[in-house]
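Student: Protein chains in written order, with the working numbering: chain A, 7 to 119; chain B, 395 to 504.
Cβ coordinates follow ideal geometry from the N, Cα and C atoms, glycine included.
Have a look at this one:
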C-alpha cells in the first residue's frame, strides 16, 4: 500500500479548463500539504491543512482551492487553468504538532496547453 | 522568511567518489530533513535530522543547528545516487511551514 498516493499522476489539459488532483494518505497523519515544483525544480508550499483545517495559505491565486473532506484526504481543485500552472504538484503529510518528518506522494504532473 | 541555500548547485562525480553537500539556513530551525529526488521525480526521505549526526549505509548527515548548517555525505557514490538533493527546514518561529532549499543536482557517471 502506498503511504501517500496522488491521482492522477499525469494530467494534460487546455487553458481555461477546471481540474482536480486528489491525495490520500494511510499514515494516520494529521497534517497534509500541497507543494508546487516548477520547471527549475524549486519546491514551494501552497497549502497546509491540520485535521481538515486550513493552516497555511501561501500567496496562491484563488483559482486554487484545496478541500479536505476528512483527515486522510486533501484534494486540490484548480479553476480556469493557465499556462503558468504547468508544474508538478506534490502532496505531503506529517504528524501534527510539528511538523515532524514529511512524507511525499509521487507527484502529479500537470501540463496546460 | 527563512532563506535556505544549498551548495554546490551542480555536481558531477565519477562512480566511487565521495562528496559533501551543504545546506545553510538563515534562522533557527526546529526540524531539518534531507530528500533525494530521483530522475523519475520521486522525493525520497533520506534523513530527518534537526541536530546531530545520523548514518544510513553510504549516506550520513550532520546538522549543527547553532551554526545554521547541515551536511550530507555520500561515500562510494553510485549511478543510482544521481538526482537532486534537497534540504528542507522548519523555522522555529513558523507554524508547520517547511521551506525547501535550492537543491544540489548530482550526476554520477560510470
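What did DSSP end up calling residue 107(A) once you bin it into helix, strand or coil?
Tutor: coil
Student: Given that residue 94(A) touches chain B, what residues does it touch there, using C-beta distances under 9 Å?
Tutor: What residue 94(A) touches in chain B: 435.
Student: At a Cβ threshold of 8 Å, is residue 51(A) touching chain B?
Tutor: yes
Student: At a Cβ cut of 8 Å, what residues of the stretch 465-498 of chain B count as close to chain A, listed as they run along the chain?
Tutor: 478, 480, 482, 484, 489, 490, 491, 492, 493, 494, 496 and 497
Student: Check whether the stretch 75-84 of chain A and the stretch 25-36 of chain A are in contact - that is, three or more C-beta pairs closer than 8 Å.
Tutor: Judged by pairs of C-beta atoms under 8 Å, the stretch 75-84 of chain A touches the stretch 25-36 of chain A, as three or more such pairs exist.
Student: Under a CB-based cut-off of 8 Å, is residue 439(B) close to chain A?
Tutor: yes
Student: Counting only beta-carbon atoms, is residue 82(A) nearer than 8 Å to chain B?
Tutor: no
Student: In this structure, does DSSP put residue 90(A) in helix, strand or coil?
Tutor: helix
Student: When the Cβ atoms of the stretch 461-473 of chain B are set against those of the stretch 104-114 of chain A, are three or more pairs found closer than 8 Å?
Tutor: no
Student: Is any beta-carbon of chain A found at less than 8 Å from that of residue 400(B)?
Tutor: no
Student: Quick one: residues in its chain with C-beta nearer than 6 Å to the C-beta of residue 480(B), no 5 flanking neighbours on either side, listed in chain order?
Tutor: 429, 494, 495 and 497
Student: What are the residues in the stretch 36-47 of chain A lying within 7 Å of chain B by C-beta distance?
Tutor: 37 and 47
Student: Quick check on residue 62(A) - is its C-beta less than 8 Å from some C-beta in chain B?
Tutor: yes
Student: If you measure from the beta carbon of residue 427(B) to each beta carbon in chain A, is any gap under 8 Å?
Tutor: yes
Student: Please name the residue or residues paired with residue 482(B) in a DSSP beta bridge.
Tutor: 427(B) and 494(B)
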